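Read through the structure below, which is laid out as structure tokens, and then see the notes.
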Amino acid sequence: MKISVAADERTGVADQVVEELRRRGHEPLPHGALADGERDDWAWASEAAARDVAEGRAEQAVVCCWTGTGASIAANKVTGVRAALCTDAATAAGARKWNDANALAISLRSTSQAELAEILDAWFEAEPSAEADDLANVDHLGEIE
699 MKISVAADER TGVADQVVEE LRRRGHEPLP HGALADGERD DWAWASEAAA
749 RDVAEGRAEQ AVVCCWTGTG ASIAANKVTG VRAALCTDAA TAAGARKWND
799 ANALAISLRS TSQAELAEIL DAWFEAEPSA EADDLANVDH LGEIE
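Using my numbering, the letters of the sequence shown map in sequence onto residues 699 to 843.
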């Protein structure tokens, strides 16, 4: 799976995200500090990753900044992107299941390498719900845009 990855700095788990995605057989598309010649500020880097998803160049995105908050806000500004800031595996699983999140936001400050692995496990193992109320909620997000 092609997964767009953005970070505003190469600290914390930024490089580990790319390595872990490759190890799992995915094709990371790097942005921001992870790519040569791109603006590395969190708003621009996260927007670039989110646009990859919205425009079909990637199926999902992982966006990172110091807290993860700015990256998630920037990604969520792109129509069709549903970014979730996940600090643990249960939140990641729920974001995929109930919200059909297509962008995972990670804190470079507070996410350890072990937590990153658990979050990615939960993210990729979870499937979006087929329950009518969950589908209606996700559809309504599109109407809000």
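For each residue, glycine too, the CB sits at the ideal point set by N, CA and C.
Keep in mind that this is a model prediction, so the values were computed, not measured.
The residue among G792, L833, D706, A759 with its C-alpha nearest the C-alpha of E823 is G792. CA-to-CA, the gap between D713 and L732 works out to about 8 Å.
In this structure, E717 lies away from K700, with their beta-carbon atoms at least 8 Å apart. When C-alpha distances from K775 are compared across R720, A788, A820, A752, the shortest belongs to A752. In this structure, DSSP gives V761 an extended state, which the three-state scheme calls strand. Scanning A834, V703, A812 for the CA closest to the CA of D786 turns up A812. With a beta-carbon spacing of about 3 Å, G730 and A743 fall inside the 8 Å limit used to define contacts. In the DSSP assignment, V703 falls within the unbroken beta strand (DSSP E) covering 700-705. Residues of the same chain with a CB within less than 8 Å of the CB of V836, apart from the 5 flanking positions on each side, are R780, N797, D798, P826 in chain order. By the 16-neighbour rule on beta-carbons within 10 angstroms, D750 is buried. Residue range 725-730 is occupied by the beta strand (DSSP E) that includes G730. Between the alpha carbons of A759 and A803 lies a gap of roughly 8 Å.
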